[in-house]
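Report on the structure given below.
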Amino acid sequence: MASTYSFDVVSEFDRQELVNAIDQARREITNRYDLKDSKTAIDLSENTITLETDSNMTLQSVQSILQTKAAKRNLSLKIFDFGKAESASGGRVRQVVTLKEGIDKEIAKDISKFVRDNVKKAQASIQGDAVRVSAKSKDDLQTAIQLLKSADWPVALQFTNYR
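In our numbering, the protein residues as written are 3 to 165.
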């Protein structure tokens, strides 16, 4: 009757928290003296954020504000993939920020190899854009979670379906 326990390693973010962070960033930009007249726009679409402002210097300030507001709402900064700043009409600057969600195949392979190498009694299997880790002991799963948290991954990791 040896039952197995498992959890899923996923990379996702709370979309409502992101919306709130963007709203707070917009409010701060309209209130800040140095950014008030820059006519800065932050537009959120399905999986991108478009930043448009009047210069590279204000673009850096807008990025900083956005990252600060996201961090205060417990969003990992690894979800933001800042693209190249490009010229827009009227001498303005535009930047597209891609939102990273899900674990791609290469990173999933690295995670499962990492678990196999460091936690001998745990098994990892790739399931779409998540990795399921299973073991006979909850202690082995706790060890796997701690090791995964301590390693530096290129995506934000969350641990769900712990049972």
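Beta carbons are placed, not taken as given, at the ideal position from N, Cα and C, and that holds for glycine. Remember, predicted model here, so these are calculated numbers, not experimental data.
task: Take the Cβ of Met3 as the centre, count every other Cβ of all protein chains shown within 10 Å, and call the residue buried at 16 or more, exposed below.
output: As a working note, residue 3 is residue 1 in the sequence shown. Note that Met3 scores a pLDDT of 40, beneath 50, so its modelled location is shaky; the value from the coordinates is reported in the next line. By the 10 Å Cβ count, Met3 comes out exposed.
Practice problem: Enumerate in chain order the residues of its own chain whose CB-to-CB distance from Ser127 is below 6 angstroms, with the five nearest sequence positions on each side excluded. | Solution: For the purposes of this step, residue 127 is taken as residue 125 along the sequence shown, with counting starting at 1. If we look at Ser127 and ignore the five residues flanking it on each side, its Cβ neighbours are Arg134.
Given a threshold of 16 other Cβ atoms within 10 Å of its Cβ, counted over all protein chains shown, does Leu79 qualify as buried or as exposed? Residue mapping note: residue 79 aligns to position 77 of the sequence shown, counting from 1. Leu79 should be labelled exposed.
Beta-carbon proximity check, Thr70 vs Thr55, cutoff 8 angstroms: Looking up residue 70 in the sequence shown gives position 68. Looking up residue 55 in the sequence shown gives position 53. Their beta carbons are not under 8 angstroms apart, which means Thr70 does not touch Thr55 by this criterion.
**OP:** Label Thr32 either buried or exposed according to how many other C-beta atoms from any shown protein chain fall within 10 Å of its C-beta, with 16 as the threshold for buried.
**Re:** The residue labelled residue 32 in the question sits at position 30 within the sequence shown. Classification of Thr32: exposed, given that the 10 Å Cβ count is below 16.
Quick check on the DSSP output: the alpha helix (DSSP H) that includes Ser5 runs from which residue to which?
The residue you call residue 5 lines up with position 3 of the sequence shown. Run containing Ser5: none; DSSP gives neither H nor E here.
- With DSSP as the reference, please indicate the residues paired to Phe162 in a beta bridge. Reading the sequence shown from its first residue, position 160 is the one you call residue 162. The sequence shown places Thr at residue 162, not Phe. In the DSSP output, where bridge partners are listed per residue, Thr162 has Asp10.
Item checked: Glu48 versus Gln65, Val99, Phe116 and Ala124, residue with shortest Cα-Cα distance -> To locate residue 48, count along the sequence shown from 1; it is residue 46. Checking every option, the nearest Cα to that of Glu48 belongs to Val99.
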